[in-house]
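A.B. asks: Counted from 1, the sequence shown has number 333 at position 333 by UniProt numbering; the numbering is strictly sequential.
I have a structure here, written as structure tokens, and I will follow up with some questions on it.
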Amino acid sequence: MSTTNTPSKTHSFQAEVSQLLHLVTHSLYSNPEIFLRELVSNASDACDKLRFEGLNNAALYENDSDLAIRITLDKTKKTLTITDNGIGLTAQDAIDNLGTIAKSGTKDFMSKLSGDQKADAQLIGQFGVGFYSGFIVADKITVESRRAGAPISEGVRWVSGGTGDFTVETIERAARGTSVILHLRDDAEQYLNAWQVKQIVNKYSDHISLPIQMYKEAWQDAKEENQPGEMVTTDEWETINSASALWTRPKKDITDEQYTEFYKHISHDFTAPLAWAHNRVEGSTEYTQLLFIPAQAPQDLYYRDSKTGLKLYVKRVFIMDDAENLLPHYLRFVKGVIDSADLPLNVSRELLQESRDVKTIREGNTRRILSTLEQLANSEDATEQEKFRTFYAQFGAVLKEGVAEDTGNRDKIAKLLRFASTTSDEVSRSFADYKASMIDGQEAIYYITADGLAAAKHSPQLEVFRKKGIEVLLMTDRIDEWALGYLTEFEGTPLQSVTKGAVDLGKLQDDDEKKAAESAAEQLKPLLDKLEATLKDKAKNVRITTRLVDSPACLVADEHDLSPQLAKMFKQMGQAIPDSKPILEINPEHALVKRLETDAEHFDDLAHVIFDQAMLADGDLPSDPVAYLKRVNAMLLG
Numbered sequence: 001m002s003t004t005n006t007p008s009k010t011h012s013f014q015a016e017v018s019q020l021l022h023l024v025t026h027s028l029y030s031n032p033e034i035f036l037r038e039l040v041s042n043a044s045d046a047c048d049k050l051r052f053e054g055l056n057n058a059a060l061y062e063n064d065s066d067l068a069i070r071i072t073l074d075k076t077k078k079t080l081t082i083t084d085n086g087i088g089l090t091a092q093d094a095i096d097n098l099g100t101i102a103k104s105g106t107k108d109f110m111s112k113l114s115g116d117q118k119a120d121a122q123l124i125g126q127f128g129v130g131f132y133s134g135f136i137v138a139d140k141i142t143v144e145s146r147r148a149g150a151p152i153s154e155g156v157r158w159v160s161g162g163t164g165d166f167t168v169e170t171i172e173r174a175a176r177g178t179s180v181i182l183h184l185r186d187d188a189e190q191y192l193n194a195w196q197v198k199q200i201v202n203k204y205s206d207h208i209s210l211p212i213q214m215y216k217e218a219w220q221d222a223k224e225e226n227q228p229g230e231m232v233t234t235d236e237w238e239t240i241n242s243a244s245a246l247w248t249r250p251k252k253d254i255t256d257e258q259y260t261e262f263y264k265h266i267s268h269d270f271t272a273p274l275a276w277a278h279n280r281v282e283g284s285t286e287y288t289q290l291l292f293i294p295a296q297a298p299q300d301l302y303y304r305d306s307k308t309g310l311k312l313y314v315k316r317v318f319i320m321d322d323a324e325n326l327l328p329h330y331l332r333f334v335k336g337v338i339d340s341a342d343l344p345l346n347v348s349r350e351l352l353q354e355s356r357d358v359k360t361i362r363e364g365n366t367r368r369i370l371s372t373l374e375q376l377a378n379s380e381d382a383t384e385q386e387k388f389r390t391f392y393a394q395f396g397a398v399l400k401e402g403v404a405e406d407t408g409n410r411d412k413i414a415k416l417l418r419f420a421s422t423t424s425d426e427v428s429r430s431f432a433d434y435k436a437s438m439i440d441g442q443e444a445i446y447y448i449t450a451d452g453l454a455a456a457k458h459s460p461q462l463e464v465f466r467k468k469g470i471e472v473l474l475m476t477d478r479i480d481e482w483a484l485g486y487l488t489e490f491e492g493t494p495l496q497s498v499t500k501g502a503v504d505l506g507k508l509q510d511d512d513e514k515k516a517a518e519s520a521a522e523q524l525k526p527l528l529d530k531l532e533a534t535l536k537d538k539a540k541n542v543r544i545t546t547r548l549v550d551s552p553a554c555l556v557a558d559e560h561d562l563s564p565q566l567a568k569m570f571k572q573m574g575q576a577i578p579d580s581k582p583i584l585e586i587n588p589e590h591a592l593v594k595r596l597e598t599d600a601e602h603f604d605d606l607a608h609v610i611f612d613q614a615m616l617a618d619g620d621l622p623s624d625p626v627a628y629l630k631r632v633n634a635m636l637l638g
């Protein structure tokens, strides 16, 4: 029994919490019973934290090392209570953790809440605020807690009706840990049924490695003869879950549903994973890996301060969340558990960076994830193929980071990459697919990078490739140009950008075409020199093109210069880049170019218009849009 030490103080919820609670209390969750899963998961986390802190301070256990979660039902008071003997809360912890959403990206998170139950539930799961799901079934929640190692007099009671505020007071609490007391609404009294609560725990939380306990029930004999007995609650605790770490069980004994629920527990994601890999690895380093590939990207995937990594256990003892050293950064979306048999129990994040065992585990995890993705990509099963398409739509851009980061697995990653192309708008063409359909005499894999699919498809640089029936891969992710700087060939076939350097079609360009281009360059040399002088502030040089068919001109980057897309990306990242000008290539057969030879009066204006139109075709604005418009208008009126 707890007693109050100080008067209660009323605090206002953070604005985002108030908005969240409004959504929760208006039936945000389509499946209300998951409140129990969320609160049991929080209790399990609290016990894991005590185990971790207890490694260096055994006194925190207070002579009670048997960790457990207990659920009690009180039909008279209409309360359901989840109690753990984990790390517990101080009064300030209660204010900070239960009154605010402290995770990075909170504002972005709240801006995405739309009122759509399914979508918003997924967001709430990702941002780890499952405590508030208690208000789905309760019109009031009382939290009583005491931090491990704190005096009995420093317990705390937190109370809220789920509206705009909450109260906090100091109490005396003998027990270490936390009790979450749900005062159930009238329409939620079914959760006072012990059998139903057990069913929910078995469904969602059987994988929790701690014992989840309830008072045992027994049949009491009726006092009158021939009268049926009734079920009564005893004062004996019984464990209602398997209470063994899921990853330690044989794979054949684990159902897909159990894997899915475990994933939801560790990831706070309400969506089932796409795939998982569960293996015990033996050799110089022994460990168990249970790795999950999510079905959707978390909202903070690209936040610099977001926490990523795997849960690390050593001999089933929880060590830390977010052990980022166990995976390369480009696989930061992977969730899961690693249980090592070799690492010391007192391992720190600093030691993880230097450990040879951790390097081995990291390499093993990387191989396992890439091989799992490869199996999905190469499967003949339509369901597996759809899983890979889903994965790539969510994480393809992140996977491309590995081309630069992971030289040892670069070839494996390259096989997983997919692109749209001039033959298909669907992002489904692999380098292997491309190579298999190359035309006779083709010696390179051609690609173009652009800010979007439309810009790539309609780029004038593709004209000669379309004329000759050569497929070009269309790369539209911001990271493509940077990643392709580290991938120069695929299985012996060079990768060649159609927007850099002089176009070289090798055997696909016949002698007559080459001679015609050389002749035009010689005949038009005075024109080229005059254009270079006129556009000296904009273009590095001007030359005859062999890549255009219908357009008057295009801009290309010199072979060793940054492309416009890469330069733009670096500028947006605030990085300094060397000043470089593009090359202007002109089509000698186009009417506008022919007009340059005869219209001396408007030569300068026409030269600038041709250059600015080439910029527009690349998806960029002219350096002086007003001047461009004036020149175009003057020519139209003239």
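Where a beta carbon is used, it is the ideal one built from N, C-alpha and C, also for glycine.
Ignore the nearest five residues each way along the sequence and tell me which others in His278's own chain have a CB closer than 6 angstroms to its CB.
C.D. replies: Lys251, Leu290.
A.B. asks: Using a beta-carbon distance below 8 angstroms, is Thr598 in contact with chain D?
C.D. replies: The structure shown contains no chain D; it is built from a single protein chain.
A.B. asks: DSSP three-state call for Leu301: helix, strand or coil?
C.D. replies: coil
A.B. asks: Of all the options Ala91, Thr248, Asp357, which has the alpha carbon lying nearest to the alpha carbon of Ser284?
C.D. replies: Asp357
A.B. asks: Who are the near neighbours of Leu60 in its chain, counting only those whose CB is closer than 7 angstroms to its CB and skipping five residues on each side?
C.D. replies: Leu50, Glu53, Gly54, Ala148, Gly149
A.B. asks: CA-CA distance, Asp599 and Val593?
C.D. replies: Whole-angstrom Cα-Cα distance: 10 angstroms.
A.B. asks: DSSP three-state call for Met615: helix, strand or coil?
C.D. replies: helix
A.B. asks: So what does DSSP say about Tyr263, is it helix, strand or coil?
C.D. replies: DSSP places Tyr263 in helix when its eight states are reduced to three.
A.B. asks: What whole-angstrom Cβ distance do Tyr486 and Val403 have, given they're in contact under 8 angstroms?
C.D. replies: 5 angstroms
A.B. asks: Given that a residue counts as buried once 16 or more other Cβ atoms are within 10 Å of its Cβ, and exposed if not, what is Pro526?
C.D. replies: Pro526 comes out exposed.
A.B. asks: Please report the distance separating the alpha-carbon of Ser371 from that of Ile82.
C.D. replies: Straight-line Cα distance between these residues: approximately 41 angstroms.
A.B. asks: Which same chain residues, not among the five before or five after Ser41, have their C-beta less than 6 angstroms away from its C-beta?
C.D. replies: His265
A.B. asks: Report buried or exposed for Gln190, applying the criterion of at least 16 other Cβ atoms within 10 angstroms of its Cβ.
C.D. replies: Its Cβ having fewer than 16 others within 10 Å, Gln190 is exposed.
A.B. asks: So Ile439 and Ile470 are supposed to be a Cβ contact under 8 angstroms. How far apart are they, rounded?
C.D. replies: 6 angstroms
A.B. asks: Three-state secondary structure (DSSP) at Met214?
C.D. replies: When secondary structure is reduced to three states using DSSP, Met214 falls in the strand class.
A.B. asks: So Glu513 and Thr488 are in contact, right, with Cβ under 8 angstroms, and what is the actual spacing, rounded?
C.D. replies: Their Cβ separation, rounded to whole angstroms, is 27 angstroms, which puts Glu513 and Thr488 out of contact at 8 angstroms.
A.B. asks: Can you give me the C-alpha to C-alpha distance between Pro7 and Ile212, rounded to a whole angstrom?
C.D. replies: When rounded, the distance between both Cα atoms is 34 angstroms.
A.B. asks: Where do the ends of the beta strand (DSSP E) carrying Trp276 lie?
C.D. replies: 275-281
A.B. asks: Pull the bridge partners of Thr493 from the DSSP assignment, please.
C.D. replies: According to DSSP, Thr493 bridges with Phe490.
A.B. asks: Check for me: the alpha helix (DSSP H) holding Ala175 runs from which residue to which?
C.D. replies: Per DSSP, Ala175 belongs to no alpha helix (DSSP H) and is neither H nor E.
A.B. asks: Between Pro273 and Ile254, which are expected to be in contact by the criterion C-beta below 8 angstroms, what is the C-beta distance as a whole number of angstroms?
C.D. replies: Approximately 14 angstroms separates the beta-carbon atoms of Pro273 and Ile254; this is outside 8 angstroms, ruling out the contact.
A.B. asks: The alpha helix (DSSP H) spanning Met635 covers which residue range?
C.D. replies: 625-637
A.B. asks: Any idea which residues DSSP pairs Trp158 with across the strands?
C.D. replies: Paired residues: Val143, Val168.
A.B. asks: Quick check on Thr90: does DSSP put it in helix, strand or coil?
C.D. replies: Coil at Thr90, not helix or strand.
A.B. asks: Identify the continuous alpha helix (DSSP H) that holds Phe391 and give its terminal residues.
C.D. replies: 382-399
A.B. asks: Are the CB atoms of Ala420 and Arg429 nearer to each other than 8 angstroms?
C.D. replies: yes
A.B. asks: Could you tell me the distance, in whole angstroms, from the CA atom of Phe333 to the CA atom of Glu401?
C.D. replies: 13 angstroms
A.B. asks: Kindly confirm or deny that the segment 236-250 and the segment 176-189 touch, where touching means at least three C-beta pairs closer than 8 angstroms.
C.D. replies: no
A.B. asks: Label Tyr132 either buried or exposed according to how many other C-beta atoms from any shown protein chain fall within 10 Å of its C-beta, with 16 as the threshold for buried.
C.D. replies: buried
A.B. asks: To which residues of the same chain is Gln196 closer than 8 angstroms at the C-beta, ignoring the five residues directly before and after it?
C.D. replies: Cβ neighbours of Gln196 beyond the five flanking positions: Gln190.
A.B. asks: Considering only residues of the same chain and omitting the five flanking positions on each side of Ala520, which have a CB-CB separation below 6 angstroms?
C.D. replies: Ile544, Pro588
A.B. asks: Could you pull out every residue in the same chain whose Cβ sits closer than 8 angstroms to the Cβ of Leu376, ignoring the five residues on either side in sequence?
C.D. replies: Leu274, Ala275, Glu384, Gln385, Lys387, Phe388, Phe391
A.B. asks: Closest to residue 650 by CA distance: which of Gly408, Ala454, Glu491, Met475 is it?
C.D. replies: Any answer about residue 650 is impossible in this case: the structure gives the chain only from 1 up to 638.
A.B. asks: Quick check on this structure: which residue in Asp321, Gly161, Gly134, Ala450 has the alpha carbon closest to the alpha carbon of Lys140?
C.D. replies: Gly161
A.B. asks: Look at the Cβ atom of Leu210, then the Cβ atom of Phe166, and state whether they are nearer than 8 angstroms.
C.D. replies: Not closer than 8 angstroms, so no.
A.B. asks: Assuming Asn31 contacts Ala175 under a Cβ cut-off of 8 angstroms, what Cβ separation, rounded to an integer in Å, is found between them?
C.D. replies: With a Cβ gap of about 32 angstroms, Asn31 and Ala175 do not count as contacting.
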